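This note's numbering puts the first residue of the sequence shown at 19, with every later residue one more than the last. Glycine included, C-beta positions come from ideal geometry on N, C-alpha and C. Everything numeric in this text was worked out from a predicted model, so none of it was measured. The structure appears below as structure tokens.
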Amino acid sequence: MPSVFDLSGKNAIVTGAAGLLGTEHCLSLAEAGATVLAVDLDVEPCQFLCERIALDFGATASAFRANITQPDELTSLRDRVFKRFGRIDILVNNAAVDDKMSGEDDASDVSRFERFPLDVWQHVLNVNVTGTFLCCQVFGAFMAASAHGSIINIASTYTIYWNVDDGRGRSRDSGRRSKRRIDNAIDFELSMSRRSA
Ligand SMILES: NC(=O)c1ccc[n+]([C@@H]2O[C@H](COP(=O)([O-])OP(=O)(O)OC[C@H]3O[C@@H](n4cnc5c(N)ncnc54)[C@H](O)[C@@H]3O)[C@@H](O)[C@H]2O)c1
């Protein structure tokens with residue numbers, strides 16, 4: 019009986035593939051048989067990861083540099099992926115910036131809601147929310163048109179907690195909770211397009 023986790027023949031894009039969890043998503047997808055397309059601002063660790071995937075699983079994996087907040091970079095990525103791999107079956111929206119300010123002496127003070135810097139807020143929303151929206155738009159449009167594909171948005175359990183403060187006076191979840199709202203919107207859009215396909 020075929021495994022329900024068998025992803026042989028599927029092409030999977032993972033954003034933020036160089037990061038802590040992105041690397042694990044890529045390894046798990048490769049282990050399940052998918053061809054992994056590892057995308058990050060920082061492409062070098064993705065290249066090492068792809069070599070590791072080839073060695074460990076004998077699977078195909080390719081690294082791509084792209085900034086998910088830039089529509090032109092995403093359409094260029096989509097075109098390169100289609101040219102080389104023909105289709106996209108899975109999109110894992112994992113790239114993000116963490117809005118906590120660790121490592122600074124006054125971190126817990128600066129990151130209190132009352133003093134949270136506007137430029138950090140805007141950067142977090144731009145990557146975590148707008149970047150996710152753009153990836154869904156660019157790659158999801160193809161999936162909706164073909165009535166085929168899966169989008170997995172990585173957020174956090176903080177999206178379902180109501181207490182914004184993490185106990186150390188830091189606001190934690192501005193981008194993550196908004197990302198969950200995108201999940202709901204896309205889920206609705208894709209299910210509608212499947213129905214009309
Ligand atoms: N690490 C955890 O404990 C944890 C817990 C819950 C949820 N999450 C969620 O998992 C996801 C990944 O978290 P992580 O801890 O692996 O983060 P990480 O910081 O280790 O990795 C994030 C990656 O995203 C990339 N990135 C950032 N901005 C980008 C951009 N504009 N374009 C392309 N790539 C960009 C970074 O270069 C980095 O490699 C996030 O959505 C996070 O909210 C993480």
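Spatial neighbours of residue i in its chain, beta-carbon cut-off 7 Å, leaving aside the 5 residues before and after
| i | result |
| --- | --- |
| Cys153 | Thr33, Ile86, Leu92, Leu109 and Asn111 |
| Asp24 | Ala50 and Gly51 |
| Phe157 | Ile31, Arg96, Ile106 and Leu109 |
Neighbour-count burial assignment, residue i, 16 or more Cβ in a 10 Å radius
| i | result |
| --- | --- |
| Phe82 | buried |
| His43 | buried |
| Val22 | exposed |
| Gly104 | exposed |
| Leu136 | exposed |
| Ser214 | At Ser214 the pLDDT is 41, less than 50, meaning the model places this residue with poor confidence and gives no usable figure here. |
Range of the contiguous beta strand (DSSP E) that encloses residue i
| i | result |
| --- | --- |
| Asp58 | Thr53 to Asp58 |
| Arg133 | Careful: Arg133 lies outside any beta strand (DSSP E) and carries neither H nor E. |
| Val110 | Ile108 to Asn111 |
| Ile169 | Ser168 to Asn171 |
Residue i: first and last residue of the uninterrupted alpha helix (DSSP H) it sits in
| i | result |
| --- | --- |
| Ala159 | Thr150 to Ser164 |
Cβ neighbours of residue i in the same chain (closer than 6 Å, five flanking residues each side left out)
| i | result |
| --- | --- |
| Ser168 | Ile108 |
| Gly40 | Val32, Gly34 and Asn112 |
Beta-carbon proximity list for residue i, same chain, < 8 Å, skipping 5 on both sides
| i | result |
| --- | --- |
| Arg133 | Asp127 |
| Ala48 | Val54, Ile71, Asp74, Phe75, Ala77 and Ala79 |
Item to check | Segment contact flag, the stretch 50-58 with the stretch 23-42, C-beta cutoff 8 Å, min 3 pairs | outcome: yes
Checklist entry - Three or more C-beta pairs closer than 8 Å, one from the stretch 61-75 and one from the stretch 92-102: is that the case here? => result no
Item to check | In chain order, each alpha helix (DSSP H) run of at least 4 residues that lies wholly inside the stretch 29-91 | outcome: 38-49 and 61-75
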